[in-house]
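Numbering (the UniProt record's numbering), first residue to last: 1 to 394. Read the structure below first, then the notes.
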C-alpha cells in the first residue's frame with residue numbers, strides 16, 4: 001500500500017492521518033475536504049462559538065509535519081475500485097478512508113433557514129443572535145437546545161418548536177420530558193407536539209395552521225450521512241456506510257469512520273451510527289489498523305455531552321427505552337433538583353446506558369460499569385447518595 005486517500009477533513013479524517021503515520025505508514029497520504037478550512041472540531045460550534053467565546057476550533061494537528069497532501073475545497077463525487085472521482089479530477093488510491101460525515105436536514109419553505117454544521121454556519125448565525133431578535137428554533141434535540149441556550153443568553157426572544165411530545169425524546173425517551181422545565185425557567189417558549197409545515201420569510205407556518213413570527217429561523221432536526229457520492233460504487237449503504245466491527249466496508253481496502261459509519265457493535269449486538277465527537281476521535285485508530293492488515297475491534301461505549309440552560313448533560317451507552325427487558329432507574333429528583341441522572345438497566349442487571357445531569361462522577365463511573373459489564377443492585381442504584389461504583393452485585 002503506497003497511497004492512502006482520506007475523504008473528509010473533519011476530526012475523523014485528520015485523526016486517520018495521524019493514526020497512519022503513528023503506525024509507520026511512510027507512503028503518500030491525500031486528505032481532502034469540501035470545506036475551505038483546515039480541520040476543526042464541531043462540538044464548540046453550538047457552544048463557545050455561538051456564545052462568542054472563540055472564533056476558531058481548529059484541530060491541533062501539524063499537517064505539514066505529517067507530510068500530508070491536504071486539499072481543501074475538494075469534494076468527492078464518485079467512487080470506483082482504486083479511484084476517487086472528485087470536483088478536481090480523479091485521485092487513485094491503494095487504501096481509502098471514508099470520513100465524509102453528515103449533512104443537516106432542511107425543511108420545506110422559501111424562508112431563510114440557518115443550520116449548524118460548519119464554522120461558517122456558526123459564525124453567520126452568531127451575527128444574527130442579538131438582543132431583541134425573535135428566534136424560532138425547529139427541534140428540541142441536542143442542537144436545538146444548545147442553540148436556544150445561546151440565543152436566550154444573547155437576549156433574543158426564543159421559541160422552540162418540536163414535533164414530538166417531549167424534548168430530547170429521540171435520544172432519551174420519556175426522560176427527556178424532565179428537561180422541559182428548563183425552557184420555562186429560562187423564559188423560552190417551548191411548543192411540543194406540533195410539526196412545521198413551512199419555513200417562511202417572516203417565520204414558521206405550523207401544521208395546525210398557527211404561525212410563529214421570527215426574524216431568524218434555525219433548523220435543528222437532525223442530519224443524514226453524506227454518502228450520496230458512493231451510490232453505485234459497491235460500498236454497501238444502509239443509514240450510512242455499512243462496516244463490520246473492524247470498520248471495514250464491503251469494498252477491499254476501504255474503511256469508514258465518524259458520522260457516516262454504521263458499524264457492528266459486539267457489545268450491543270446491533271449496528272450503530274453515532275454522530276458525536278467521541279466516535280470521530282476513537283474510530284480512526286481501529287480503521288487504520290484494519291486498513292494495514294490488523295484485526296482491532298471497534299466496540300466503544302458511545303458517549304456525548306451537551307450544555308443547555310446552565311446544565312451539563314452527559315450520556316454514555318446505548319438503550320432501547322424499555323425493549324429487551326430494560327428498566328429505567330432515576331437517580332435524584334429531576335423535577336426538584338439540579339443534579340440528577342438516569343440509568344437504563346438490562347434484564348440481566350447490567351447497565352446499558354447512563355445519563356448524568358450535573359453529576360460528572362456518575363458519568364465516569366457509569367461508563368466504566370458498562371465497559372466492565374458488572375451487574376447492579378437496582379435498590380442501591382436508585383439512591384443518588386450511593387456512588388455508582390458501589391452499586392455492583394458480587
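Just so it is clear, CB atoms sit at the ideal spot from N, CA and C, and this is done for glycine as well.
Less than 8 Å between the CB atoms is what I'm expecting for residue i and residue j, so what's the real figure, rounded?
i	j	result
residue 330	residue 287	Residue 330 to residue 287, Cβ: 37 Å. No contact.
residue 370	residue 274	That belief does not hold up - the Cβ atoms of residue 370 and residue 274 are roughly 14 Å apart, past 8 Å.
residue 197	residue 207	5 Å
residue 59	residue 116	Not a contact, Cβ separation roughly 18 Å.
residue 120	residue 114	Not confirmed; about 11 Å, so no contact.
residue 162	residue 140	4 Å
residue 271	residue 262	5 Å
Taking the beta carbon of residue i as the centre, do at least 16 other beta carbons fall within 10 Å, making it buried, or is it exposed?
i	result
residue 319	buried
residue 269	exposed
residue 147	buried
residue 185	exposed
residue 81	exposed
residue 259	buried
residue 236	exposed
residue 314	buried
residue 46	buried
residue 385	exposed
residue 22	exposed
residue 225	buried
residue 306	buried
residue 334	buried
residue 316	buried
residue 187	exposed
residue 145	buried
residue 209	exposed
residue 132	exposed
residue 473	This structure gives no information on residue 473, because the portion of the chain shown stretches from 1 to 394.
Among the options, which has the Cα closest to the Cα of residue i?
i	options	result
residue 6	98, 104, 74	98
residue 227	102, 201, 11, 327	102
residue 190	212, 379, 313	212
residue 33	148, 87, 187, 82	87
residue 285	11, 16, 3	16
residue 233	251, 107, 3	251
residue 244	229, 209, 283	283
residue 257	299, 390, 209	299
residue 40	358, 61, 137	61
residue 164	154, 142, 193	193
residue 104	343, 289, 383, 138	138
residue 239	264, 253, 43	264
residue 351	56, 108, 391	391
residue 229	367, 100, 57	100
residue 50	4, 131, 154	154
residue 95	70, 74, 20	20
residue 396	143, 368, 28, 344	Nothing can be reported for residue 396, as the shown portion of the chain is limited to 1 through 394.
residue 223	188, 143, 210, 132	143
residue 337	64, 311, 55	311
residue 156	134, 166, 170	134
residue 109	22, 188, 149, 205	205
residue 381	335, 327, 360, 372	327
residue 267	173, 372, 306, 332	372
residue 42	123, 66, 65, 106	123
residue 107	177, 63, 149, 195	195
residue 276	249, 171, 295, 74	171
residue 57	376, 295, 38, 64	38
residue 14	332, 55, 296, 64	64
residue 231	44, 78, 55	78
Could one say the Cβ of residue i lies closer than 8 Å to chain D's Cβ atoms, at least one of them?
i	result
residue 93	In the structure shown, chain D cannot be found, because there is only a single protein chain.
Could you check whether residue j and residue i sit closer than 8 Å to each other, using their CB atoms as the reference points?
i	j	result
residue 168	residue 159	no
residue 218	residue 125	yes
residue 72	residue 9	yes
residue 341	residue 393	no
residue 118	residue 53	no
residue 388	residue 374	no
residue 325	residue 293	no
residue 76	residue 68	no
residue 304	residue 182	no
residue 353	residue 362	no
residue 290	residue 255	yes
residue 91	residue 30	yes
residue 201	residue 93	no
residue 199	residue 128	no
residue 27	residue 1	yes
residue 112	residue 66	no
residue 339	residue 367	no
Uninterrupted beta strand (DSSP E) stretches inside the segment 244-324 (no shorter than 3 residues):
254-256, 261-265, 270-272, 303-308, 311-317
Could you give the uninterrupted runs of the beta strand (DSSP E) lying entirely in the segment 164-220, keeping only those of 3 residues or more?
Runs of the beta strand (DSSP E) inside the segment 164-220: 189-192, 196-200, 203-206, 211-213, 216-219.
Report the residue ranges of all beta strand (DSSP E) runs contained in full by the segment 64-108; include only those spanning at least 3 residues, in chain order.
Within the segment 64-108, the complete beta strand (DSSP E) runs of at least 3 residues are 68-72, 76-80, 83-86, 89-92, 95-98, 102-104.
Which ranges does the beta strand (DSSP E) cover as unbroken runs of at least 3 residues, wholly within the segment 116-166, from first to last along the chain?
134-138, 157-162
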